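Residue numbers (this note's numbering): 1 to 159.
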């Protein structure tokens, strides 16, 4: 161990090795309890929900984009919310859903029409902003979207 008096005075200590260190760490993958459901569900926005995979800690959603859509075509914007078997909202971060404290024997994915004008920038639409804020404040209540739902996909993981 080498350190200069200045490093020691500042409370810093550096360790220098004459040979490079090599590490090998085994990280076994736990596949127990993993369930993958193939869905191939066509969604309102033109994409396809390919599959849902439940592990011990998360549910991941795999989707595929719409190759037929054109960049210059206006489109309807849709949102979705995920609910557990008891109707409790589940937080989704880019297709990855934490399952802690949820009954995931089955989940419901609700696709709903957003209050937007598809020909305008979504960030400059007060009705959309108000809806988003109300939806968040309601705890993502199913009642807030039930009249806007255009498709529901139920995925049963345990029967």
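Cβ coordinates follow ideal geometry from the N, Cα and C atoms, glycine included. Bear in mind that the values here come from a model prediction, so they are computed numbers and not experimental data.
query                                                                                                                                             : result
Assign residue 64 to buried or exposed, taking buried as 16 or more other Cβ atoms, counted over all protein chains shown, within 10 Å of its Cβ. : exposed
For a minimum of 3 consecutive residues, which ranges assigned as the beta strand (DSSP E) are wholly contained in the segment 32-117?            : 35-42, 48-54, 58-64, 78-83, 96-98, 106-113
Can you tell me which of the three DSSP states residue 137 falls into?                                                                            : helix
Hey, out of 60, 138, 54, 88, whose CA is closest to residue 94's CA?                                                                              : 60
Following the continuous alpha helix (DSSP H) through residue 145, name the residue where it begins and the one where it ends.                    : 142-145
Provide the residue span of the beta strand (DSSP E) that contains residue 152, from first to last.                                               : 149-156
Would you check if the distance between the CB atom of residue 26 and the CB atom of residue 153 is smaller than 9 Å?                             : no
Assuming residue 33 contacts residue 56 under a Cβ cut-off of 8 Å, what Cβ separation, rounded to an integer in Å, is found between them?         : 5 Å
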